[in-house]
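FYI, the numbering for the sequence shown is 13 to 247, going by this note's numbering.
All C-beta atoms in this analysis are idealised placements derived from N, C-alpha and C, irrespective of residue type, glycine included.
To start, the structure under review is shown below, and the notes come after it.
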Amino acid sequence: MNEYLYNGLIAIAQFLYTIFIVLVTDALVKRKVISQSLSRKIVHMWAGGMVLFWPLYTGNTAPCFFCITPGIWICLLLYVATTKGPDDPTVRSMTRSGDPKELLRGVLYFPLMTIILTLIFWRSESLGPEQFPALAGIVAVGFGDGIAPILGQYSKKHFEIWKGTKKSFLGSLGMFLGSFIGILVFTPIVLGYVPKITHILIISILATLVEFFSPKDVDNLLIAFFTAGFAYFFL
């Protein structure tokens with residue numbers, strides 16, 4: 013099959029994957045099975061799982077085709093945030109408060125950082141250690157930062173490092189575990205090799221520290237880029 017046609021079909025499947033999880037979480041929120049806050053984090057983690065599509069692409073055009081989905085989501089988020097109300101499925105599934113403008117902050121940064129890291133570190137046809145920094149950054153944000161507030165809500169003691177930003181040791185534990193387990197599991201599946209456990213451990217600890225001290229709404233960017241930098245150091 014032609015490379016462009018094949019990659020195009022994979023890109024369509026990847027986009028449908030993201031639409032599916034948004035519709036499912038929105039339905040669960042509407043039925044009050046889960047809260048909007050939990051829905052947001054579920055979408056967060058499933059978005060991090062997009063790296064599973066990396067091995068499905070082929071050829072030099074692979075990174076560009078992969079970035080089509082996050083690129084579309086940037087456009088969709090901008091459109092929804094400026095034209096839709098709190099009853100929109102995207103708003104219900106991706107915001108804490110139901111305010112569409114919330115999509116223009118931390119939510120928007122997720123697809124943005126995904127594109128940036130992918131295009132910086134995925135420059136060859138084959139997948140391997142070269143892409144490890146990008147994968148580590150995306151997975152740390154998706155799963156680490158996704159699990160952190162879920163565990164953090166059960167903590168009795170919180171710290172306000174920045175105004176309006178509450179952190180807890182239980183939340184930091186979730187960040188560490190999500191990052192460590194996520195990187196440990198996804199790296200061999202996606203990239204086909206296993207980094208040293210000590211490297212993953214150090215990267216996850218440093219990513220947790222970045223998350224703990226990050227201001228609200230920019231944590232997606234800071235965690236992603238710092239984690240990618242830490243991972244690059246261990247290549």
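Among Pro145, Phe192, Arg52, Ile159, the one whose alpha carbon lies nearest that of Thr30: For the purposes of this step, residue 30 is taken as residue 18 along the sequence shown, with counting starting at 1. Ranking the options by Cα distance to Thr30, first place goes to Arg52.
Alpha helix (DSSP H) containing Lys42: first to last residue? Position 30 of the sequence shown, counted from the first residue, corresponds to residue 42. 15-42 is the span of the alpha helix (DSSP H), which, as asked, contains Lys42.
Burial state of Val206 (16 or more Cβ within 10 Å): Reading the sequence shown from its first residue, position 194 is the one you call residue 206. With fewer than 16 Cβ atoms within 10 Å of its Cβ, Val206 is classed as exposed.
Alpha carbons only, please: which of Ile84, Val45, Thr73 is nearest the one belonging to Ser136? Here the question's residue 136 lines up with position 124 in the sequence shown. Nearest C-alpha to Ser136: Thr73.
Within 10 angstroms of the Cβ of Ala25, are there 16 or more other Cβ atoms? Answer buried if so, exposed if not. In the sequence shown, the residue the question calls residue 25 occupies position 13. Burial call: exposed.
Could you tell me the boundaries of the alpha helix (DSSP H) in which Thr269 lies? A question about residue 269 goes unanswered here, because the residues of the chain that appear run from 13 up to 247.
If the criterion is Cβ atoms closer than 8 Å, does the pair Val41 and Ser105 meet it? Numbered from its first residue, the sequence shown carries residue 41 at position 29. Numbered from its first residue, the sequence shown carries residue 105 at position 93. Yes, they are a contact pair.
Would you give the residue range spanned by the beta strand (DSSP E) that Val169 belongs to? The residue you call residue 169 lines up with position 157 of the sequence shown. According to the sequence provided, residue 169 is Lys. The question's Val does not apply to it. Where Lys169 is concerned, there is no enclosing beta strand (DSSP E), given that its DSSP letter is neither H nor E.
Using 10 angstroms around the beta-carbon of Ile150, count the other beta-carbons present and answer buried if the total reaches 16, otherwise exposed. Here the question's residue 150 lines up with position 138 in the sequence shown. The residue is buried, with at least 16 neighbouring Cβ atoms inside 10 Å.
Alpha helix (DSSP H) segment containing Lys208, residue limits: Mapped onto the sequence shown, residue 208 falls at position 196. For Lys208, there is no enclosing alpha helix (DSSP H), as DSSP marks it with neither H nor E.
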